[in-house]
Amino acid sequence: MKLQTLTPLWTGGLDGKMEHIHAAGLIGSLRWWYEALVRGLGGQACDPTDHSTEHACNFDAEQYEKAAGLPQRARLRAAGLCDACQLFGATGWRRRFRLDAMMGQGAAAWPGDQPINLRPHDRTRGWYLQPGWMGELALTLIGEEQAIGQVAALLLFLEQWGGLGAKQQFGYGAFRLDLQEQAALNRRASFMLPGGQQPRGALPDLRDFTFFQVRFRPARPEWWAQVDGIRQVRQRPDQWQSLTRLAQQGAVPVNAALKNHWRYGQPWPSREIEAWLFGILRGDIRLRSKVNPGWAVRAADGSWHITGWAWLPRDAESRPHYDAVVGQMCRLLGERAGWQSTLNLVGAVQSLEITLTNGLDAWNAVARQVSGGIG
């Protein structure tokens, strides 16, 4: 299948360069989202980064043989594999599909290997964006029919609400399938992912996700040039030229301004809650942001859209303030005035629509759009 990147794709590389597509980077992102989906449906998905014997999945061939009378999923469970590892592989059990990726027509998102620094007003560090790659990407999936169907369904979901590759917290990896490719995936897609009655835990779970999308039609073509964090780049001509070229191609990194507004412009209960929501990198403390807006992307009709997601689990850090914090975050995501002011659209927008969708509702909506529905 062929897809077109809408924002830079990043799959890793040496010295901040991405000279070719690393399939492992694509598979890692597919697995992350698949685990969240499986957990959201009540299935089992281990944490593949936890290598302790207690939590890691390891295929036990002897137990697999002993469970010969069970359905395949239950048999693999008995052999020590969670639902995610049954598809993506684990020690002693190979991945059920192969993914090959090849760059088509395209290029680095901007020349050189220097990052663009988006530093909003009063920020000392800001956000650093690596060049990544933009263009056409050819993917080939080879494997078992059921596995191909599940990955196809996952790709259809990620086209609407997620992305591919690393740095998705910076808005990277958004993509679009053309209608012909989408129809081909629809025919193969299987939305019958493994489910169950597993309770929520501390790992990403679609039940704890809120997806959001803002569609707007600006009155001025250069609306983006005064967005906080972007306008300061004018002082760096080479980087400004790169941003201008990106905007002309229909991609603007507005997510730094949005995160800055949500993080520093609001009265959060504590610095700990602020770090829990938006991440922190300090010494040995490393937390990723749980609120991740994408870039502004221009559609064929001239309108723009921003798609993103917030993963807000009820864990030890959030539990004392959970209802208030989640309520406040969802109000911010749905606040028209905040979007307008942050995107430099006050008095200069023809239309602006905001959609908030629960994680499972987003998955089910994509399934309903596909011929055959959820099954």
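First residue of the sequence shown: 142, per my numbering; consecutive thereafter.
Where is the CB? At the ideal position from N, CA and C, for every residue including glycine.
Pull up the DSSP beta-bridge partners for residue 317, would you. Paired residues: 145.
Residue 313, buried or exposed, once every other Cβ within 10 Å from all chains shown has been counted against 16: Residue 313 counts as buried, since at least 16 other C-beta atoms from the protein chains shown sit within 10 angstroms of its C-beta.
Assuming residue 309 contacts residue 170 under a Cβ cut-off of 8 Å, what Cβ separation, rounded to an integer in Å, is found between them? The Cβ separation is near 7 Å, so the contact holds.
Hey, how far is the Cα of residue 245 from the Cα of residue 206? Approximately 45 Å, taken between the alpha carbons.
Length of the line joining the Cα atoms of residue 174 and residue 493: Rounded to whole angstroms, residue 174 to residue 493 spans 29 Å at the Cα level.
Could you tell me the boundaries of the beta strand (DSSP E) in which residue 434 lies? Its beta strand (DSSP E) spans residues 432-439.
Residue 341 (DSSP reduced to helix, strand or coil): Coil, per DSSP.
First and last residue of the uninterrupted alpha helix (DSSP H) at residue 500: In this chain, the alpha helix (DSSP H) harbouring residue 500 covers 500-510.
DSSP three-state assignment for residue 468, whether helix, strand or coil: Correct three-state label for residue 468: helix.
Based on the DSSP output, what are the partners of residue 427 in its beta bridges? In the DSSP output, where bridge partners are listed per residue, residue 427 has 422.
Apart from the five residues on each side of it in sequence, which residues of its chain come closer than 6 Å, Cβ to Cβ, to residue 293? Shown here for residue 293: same chain residues with a beta carbon closer than 6 Å to its own, the five before and five after excluded, namely 326, 329 and 330 in chain order.
Look up residue 190 in the DSSP assignment and say whether it is helix, strand or coil. In the structure shown, residue 190 falls within a coil segment according to DSSP collapsed to helix, strand and coil.
Residue closest to residue 485, alpha-carbon to alpha-carbon, out of 251, 447, 398 and 441: When the alpha-carbon of residue 485 is set against those of 251, 447, 398 and 441, the nearest one is in 398.
With residue 451 as the anchor, note down where its beta strand (DSSP E) starts and where it stops. Residues 445-452.
Should residue 174 be flagged as near chain C, meaning a C-beta pair shorter than 8 Å? Checking the listed chains, one finds no chain C in this structure; it contains a single protein chain.
Nearest-angstrom beta carbon gap, residue 358 and residue 490 [assumed within contact, 8 Å]: Confirmed, Cβ separation roughly 7 Å.
Please state whether the Cβ-Cβ distance between residue 413 and residue 458 is less than 8 Å. For residue 413 and residue 458, yes; Cβs fall inside 8 Å.
How would you call residue 285, buried or exposed, if buried means at least 16 neighbouring beta carbons within 10 angstroms? Under this definition residue 285 is an exposed residue.
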